[in-house]
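Numbering (the working numbering), first residue to last: 28 to 238.
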């Protein structure tokens, strides 16, 4: 049933990551588009996510929030899609999925807000510094088609989305390893479908609310 998997999102959000993952999974889902400041803060949605943020999914009555968690959950919930390595081969899968969701995103956010940890602060901050986090991420993708093993996985959806977004908007400095890693991901059919859907929704929103 299509309503067994509900996807709460806004096309101008990290929901684009989950949209791509859902298109890779190939299971039917019901999208529910929420607006910032209105339906995202509505009491009915706060029951789903008390943070009042998207994305979130409800699958068979169970709620999952946070992009990396959603990607990992969907890979397990739909094993026929082949988006998770075998349990014995998940070291890199978990490592880089959650490293990117944690230290890398924290470092990018800190930089965006003008926070530059000094040497002492870098010892306490989990991300250290943005250059250090990106240096580590580069080791995960340099010379590799996939971030975890020999096959595309949910980790590539999440890591690839962060690198793709960062290169596009300048929050991640261009490096040959990042460019080489993300280029073939952009050619995946599911990536293109997801972008087409979200770009169409963005165009509709902009037409309905011209600046």
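Think of the CB as a built atom: it goes at the ideal place given N, C-alpha and C, for glycine as much as any other residue.
**OP:** List the residues that DSSP assigns as beta-bridge partners of residue 57.
**Re:** 33
Original post:
Which residues in the same chain have their Cβ closer than 6 Å to the Cβ of residue 228, if we skip the five residues on either side of it in sequence?
Top reply: 38
Original post:
Would you call residue 30 buried or exposed, if buried means 16 or more other Cβ atoms sit within 10 Å of its Cβ?
Top reply: Summary for residue 30: the model assigns pLDDT 48, below 50, so the residue's position carries little reliability, and this model does not support an answer.
**OP:** Express the C-alpha separation of residue 64 and residue 171 in angstroms, rounding to a whole number.
**Re:** 41 Å
Subject >> Coil, strand or helix - residue 92 by DSSP >> reply: strand
**OP:** Can you check the segment 103-180 for any beta strand (DSSP E) of at least 3 residues that lies completely inside it and give the ranges in chain order?
**Re:** none
Subject >> Segments of 4+ residues assigned as alpha helix (DSSP H) that fall wholly inside the segment 187-218 >> reply: Fully contained in the segment 187-218 are the following alpha helix (DSSP H) runs of length 4 or more, in chain order: 203-212.
Subject >> Cβ-based neighbour list, residue 152, same chain, cut-off 6 Å, excluding 5 preceding and 5 following >> reply: 144
Original post:
Taking buried to mean at least 16 other C-beta atoms within 10 Å of its own C-beta, is residue 169 buried or exposed?
Top reply: Looking at its Cβ environment, which holds fewer than 16 other Cβ atoms inside 10 Å, residue 169 is exposed.
Original post:
Does the beta-carbon distance from residue 164 to residue 123 come in below 9 Å?
Top reply: yes
**OP:** Please confirm whether residue 179 and residue 190 have their CB atoms less than 9 Å apart.
**Re:** no
**OP:** Using a threshold of 9 Å, state whether the C-beta atoms of residue 181 and residue 50 are closer than that.
**Re:** no
Original post:
Roughly how many whole angstroms lie between the Cα atoms of residue 157 and residue 197?
Top reply: Cα to Cα, residue 157 sits roughly 13 Å from residue 197.
Subject >> Which of helix, strand or coil DSSP assigns to residue 85 >> reply: strand
Subject >> Burial state of residue 46, where buried means 16 or more other Cβ atoms lie within 10 Å >> reply: buried
Subject >> Whole-angstrom distance between residue 215 and residue 109, CA atom to CA atom >> reply: 15 Å
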